[in-house]
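The sequence shown maps to residues -13 to 80 in the numbering used here.
C-beta: ideal position from N, C-alpha, C; glycine also.
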Amino acid sequence: MLEEIVLARNNIQHPETITSNYSNYGNPDLEKLSHPFFVEDRERLLLTELGESQDSWPVPPAIHVSSAKLLEALSAVERFSEWLEQAEIVPRDE
-13 MLEEIVLARN NIQHPETITS NYSNYGNPDL EKLSHPFFVE DRERLLLTEL GESQDSWPVP
47 PAIHVSSAKL LEALSAVERF SEWLEQAEIV PRDE
C-alpha cells in the first residue's frame, strides 16, 4: 500500500502528458502492482466484462482517489507508523 501511494502521487504530480486532466498508472506500475488500489470499481467491472484479467490491462487505468480509498490508505499509513514506532531497531554489524 505504501509503495502504491507513492506511485499514485508521482503519476499525479508528474503525468506523462500535460494535455489530460486525468492521471493513469503507467505500464511499469502495473507490472509491480497485481491489483491497483486507486482504480474505480466501474473500470474494474469493464475489464471483467471484456474477459480480461487485471494482470493485462488493455489500457492503463486512471488513478481515482475517492474519499473512502484515501481514508483507507491513510489508515494503512497510520498502522505502519504505529508498527514502526514499536519495532525494535537492531543495528547491522558492518
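Rounded to the nearest whole angstrom, the CA to CA distance from residue 61 to residue 79 is 34 angstroms. Cα atoms of residue -6 and residue 28: separation of roughly 19 angstroms, rounded to the nearest angstrom.
Shown here, residue -4 sits in a helix according to DSSP, grouped into three states.
As the crow flies, the alpha-carbon of residue 34 is around 44 angstroms from that of residue 75. Bridge partners of residue 13 according to DSSP: none are assigned.
Closest in C-alpha terms to residue 19, from the list 47, 3, 57, 2, comes 47. Taking 8 angstroms as the cut-off, the beta carbon of residue 11 is found closer than this to the beta carbon of residue 22. Per the DSSP secondary-structure output, residue 48 pairs in a beta bridge with 10. Within the model, the alpha-carbon separation for residue -3 versus residue 59 is close to 16 angstroms.
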